[in-house]
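This report concerns only the one structure given below.
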Amino acid sequence: MIKNAFITGAASGIGRATAETLYAQGWDLGLADINEQALKEMTLGWDEQRVHCYRLDVTQPDQCAAVIGAYAEQHDKQLRLLFNSAGILQIDRFEDVSSQCHQQIFDINVMGTIHCCQAAFPYLRHTSGAQVINMSSASATYGIPRLASYSASKFAISGLTEALELEWEEYGIRVCDVMPPFVSTPMLNEQASGAPVLDKLGVHLNAEDVARTILQQIEQPKTHRAVSLQFALTYAASQLLPRAVTRAIIRFLNKG
Ligand code: NAI
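Number 314 marks the last residue of the sequence shown (this note's numbering); no jumps.
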């Protein structure tokens, strides 16, 4: 089976850690990011036969089609894995986040994933063992105060994943997502404002922890896979308990 993957948001955090992990395991990689310079620096010394870097703004459907097409062309139009990791976050009170920023969160986190799924489909459908892995989040379990539009964007990813998992079954394409709680990456560490939920829960994961979960998703895909035992248990409980209980927990965590 061909082992090639196209990763968005590959220049930093979880996308980068996953690229490094897959590279070490012998995968051929198409690495895309809006920050092409960071991609180039990261892949200095990597085998140029196995790694191709692309500047890509995932909010632009034409760019997604051109870049994913160009990568797949180098592999007989085959693509085994699309990993949608590009994303942004703005932690703040809802009313203090500009409309433009709310829009950008949806454009990148949701529409970016949709554009890449559409662009990759013609190649995924002709590849044995093809798979899509989307970055969802623990915040897709219940809306998180101060992360309102981000949380909403991850609910959208969760729904998209569920729908495509069933819709693309007929083509043999597996679609799944990964749900980490807070992870120490530039996205989180560079936030100017905080959130009570973040203060109470803390940050106990790094990008490499999530990359290991991505490997599990490649080997044994599950529609939604929680990252860390602690959150896996919380997530499982949230699926069984009445929603009012989850609301009460988030309400408690949100108390300053
Ligand atoms: P990060 O900021 O370290 O990496 C995100 C990458 O996406 C950056 O390299 C950035 O340049 C790229 N990017 C941003 N806008 C782009 C665009 N328009 N087109 C192409 N690339 C673009 O962030 P991190 O933490 O690695 O996040 C990766 C994914 O994991 C995101 O989808 C995020 O929502 C998700 N996630 C992160 C968590 C965390 O606490 N860090 C928790 C749960 C999910």
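Positions of the beta carbon are idealized from the N, C-alpha and C atoms, including for glycine.
Query raised in the report: What does a CB cutoff of less than 7 Å around Tyr229 pick up in its chain, not counting 5 residues either side in sequence?
Result: Listed in chain order, the non-local C-beta contacts of Tyr229 below 7 Å within the same chain comprise Arg183, local neighbours out to five positions each way being set aside.
- Going by beta carbon distance, what residues of the same chain come within less than 6 Å of Ser296, once the five residues before and after it are set aside? Hits under 6 Å: Thr199 and Thr304.
For Tyr200, does the three-state DSSP call read helix, strand or coil? Assigned with DSSP and collapsed to three states, Tyr200 falls in coil, not helix or strand.
Worksheet item: So, Leu97 versus Ala69, is the Cβ gap smaller than 8 Å?
Response: Yes, Cβ-Cβ distance for Leu97 and Ala69 is below 8 Å.
Using 8 Å as the threshold, is the C-beta distance between Thr381 and Leu218 below it?
This structure cannot speak to residue 381, because the chain is shown only from 59 to 314.
If you drop the 5 nearest sequence neighbours on each side, which residues of the same chain put their C-beta closer than 6 Å to that of Ser216?
Take Ser216, set aside five residues on each side of it, and the residues of its chain with a beta-carbon closer than 6 Å to its own are Ser194 and Ala198, in chain order.
query = Can we count Thr117 as close to the ligand NAI, meaning its CB is less than 7 Å from some heavy atom?
reply = Answer for Thr117: yes, Cβ within range of the ligand NAI.
Reference Arg138, options Arg113, Cys122, Ala90 and Trp85, closest by Cα:
Of the candidates Arg113, Cys122, Ala90 and Trp85, the one whose C-alpha sits nearest the C-alpha of Arg138 is Trp85.
(request) Give a yes or no on contact between the stretch 233 to 250 and the stretch 279 to 296, applying the rule of three or more CB pairs nearer than 8 Å. (result) Three or more Cβ pairs closer than 8 Å define a contact, and the stretch 233 to 250 meets that threshold against the stretch 279 to 296.
Inter-residue Cα distance where the pair is His251 and Ser156: It should be noted that the sequence gives Ser, not His, for residue 251. Ser156 has its alpha-carbon roughly 14 Å from the corresponding atom of Ser251.
Practice prompt. Pick out whichever of Asp150, Pro203, Cys174 and Arg204 has its Cα sitting closest to the Cα of Val190.
Written response: For the residues Asp150, Pro203, Cys174 and Arg204, the minimum Cα distance to Val190 belongs to Cys174.
Could you tell me the alpha carbon to alpha carbon distance between Glu99 and Ile307, rounded to whole angstroms?
Going by the C-alpha atoms only, they are around 43 Å apart.
**Study point:** For Leu114, the nearest candidate out of Pro279, Ser143 and Ile92 (CA to CA)
**Key:** The shortest Cα separation from Leu114 among Pro279, Ser143 and Ile92 belongs to Ile92.
Over the uninterrupted beta strand (DSSP E) stretch that includes Ala284, give me the two end residues.
-> His282 to Ala284 is the extent of the beta strand (DSSP E) around Ala284.
| field | Segment limits, beta strand (DSSP E) that includes Gly71 | value | No beta strand (DSSP E) holds Gly71; the alpha helix (DSSP H) holding it covers Gly71 to Ala82.
Coarse secondary structure for Val155, derived from DSSP in three states = In this structure, Val155 counts as coil in the three-state DSSP scheme.
inquiry  = Quick check: what's the CA-CA separation for Gly201 versus Ala123?
reply    = Straight through space, the alpha carbons of Ala123 and Gly201 are spaced by roughly 32 Å.
| message | Mapping the DSSP letters down to three states, classify Ile92 as helix, strand or coil. | response | Looking at Ile92 - three-state DSSP - the assignment turns out to be coil, as it is neither helix nor strand.
Check: If you count every other CB in all the chains shown that lies within 10 Å of the CB of Phe152, and 16 or more means buried, which is it?
Finding: Exposed is the call here.
With which residues is Cys234 paired in a DSSP beta bridge?
The partner list for Cys234 (beta bridge, DSSP) reads Ile191.
- Query: DSSP three-state call for Ile215: helix, strand or coil?
  - Reply: Ile215 sits in a helix when the DSSP states are folded into three classes.
### Task
Can you tell me which of the three DSSP states Ala123 falls into?
Correct three-state label for Ala123: helix.
Check your understanding: Would a C-beta distance cut-off of 8 Å place Met169 and Thr243 closer than the cut-off?
Key -> No; because the gap between Cβ atoms is not below 8 Å, this pair is not in contact.
Residue of Ile166, Ala130, Phe240 and Leu259 minimising C-alpha distance to Ser211 | Ser211 has its Cα closest to that of Ile166, out of Ile166, Ala130, Phe240 and Leu259.
- Is Phe141 near Ile60, with beta carbons less than 8 Å apart? Pairing Phe141 with Ile60 gives a Cβ-Cβ distance that is not under 8 Å.
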